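Before any comments, here is the structure.
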Amino acid sequence: DPKGTLHAINRLMKPGATLVVATHDISGLWPRIVRSKWRHLNIPEHLHFFSRSTLQHMMKETGFSPFRVTETATVAAATSDSSGLYAPINFLHRYSLLKYALPLLRSVHAINRAINLSDGVTLYSQKL
1133 DPKGTLHAIN
1143 RLMKPGATLV
1153 VATHDISGLW
1163 PRIVRSKWRH
1173 LNIPEHLHFF
1183 SRSTLQHMMK
1193 ETGFSPFRVT
1203 ETATVAAATS
1213 DSSGLYAPIN
1223 FLHRYSLLKY
1233 ALPLLRSVHA
1243 INRAINLSDG
1253 VTLYSQKL
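Anchor point for the sequence shown: position 109 equals 1241 in our numbering, and the numbering is continuous, going up by one each time.
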């Protein structure tokens, strides 16, 4: 129950506090391109799917005021020097590909930011 969870979180927070929610964005370009092949369409692991707008709407309904939204592309390695990129790092380490792949993945991330080929969203909201 995502809405009930947000209500419960709201009750615990002080006015003006910030809540950061990161989730998959079903309305992103990549999910729309790959459709049923999108790797996050795996029930029962993911029971609820949100778009940027539905997430913002739900935050407002539960007593939060969204003030910043960022997109995430899950195309690269989740290491401290990967500039906020995300992907299965174990594959890259298992085959010692990280040092070769990281420059390419950074370029892919830069292209993604330019054309918004994202499948994730992070929403920053303030408790009213």
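Backbone N, C-alpha and C fix where the C-beta goes; we use that ideal spot for every residue, glycine too.
All values reported here derive from a predicted model rather than from experimental measurement.
Query                                                                                                 : Result
Beta-carbon proximity list for residue 1158, same chain, < 7 Å, skipping 5 on both sides              : 1181, 1182, 1183
Through-space distance from residue 1153 to residue 1253, alpha-carbon basis                          : 8 Å
Local Cβ density within 10 Å of residue 1139, reported as buried at 16 or more and exposed below that : exposed
Supposed close pair residue 1142, residue 1186 - CB separation, criterion 8 Å                         : That pair is no contact at about 18 Å.
Per DSSP, cross-strand counterpart(s) of residue 1193                                                 : BP columns for residue 1193 are empty, so no partner.
Supposed contact pair residue 1259 and residue 1179 - C-beta distance, whole angstroms, cut 8 Å       : In fact, because the Cβ distance is near 25 Å, the residues do not count as touching under 8 Å.
Nearest to residue 1202 (by Cα), restricted to the options 1196, 1256, 1147, 1135                     : 1256
Between the CA atoms of residue 1134 and residue 1164 - distance to the nearest angstrom              : 23 Å
Beta-carbon proximity of residue 1249 to residue 1162, cut-off 8 Å                                    : yes
Local Cβ density within 10 Å of residue 1197, reported as buried at 16 or more and exposed below that : exposed
Cβ distance (whole Å) where residue 1189 is taken to contact residue 1251 below 8 Å                   : Wrong, their Cβ atoms sit about 20 Å apart, outside the cutoff.
Residue range of the unbroken alpha helix (DSSP H) whose run includes residue 1259                    : That residue, residue 1259, is in no alpha helix (DSSP H); its beta strand (DSSP E) goes 1252 to 1259.
Secondary structure of residue 1173, DSSP reduced to three states                                     : coil
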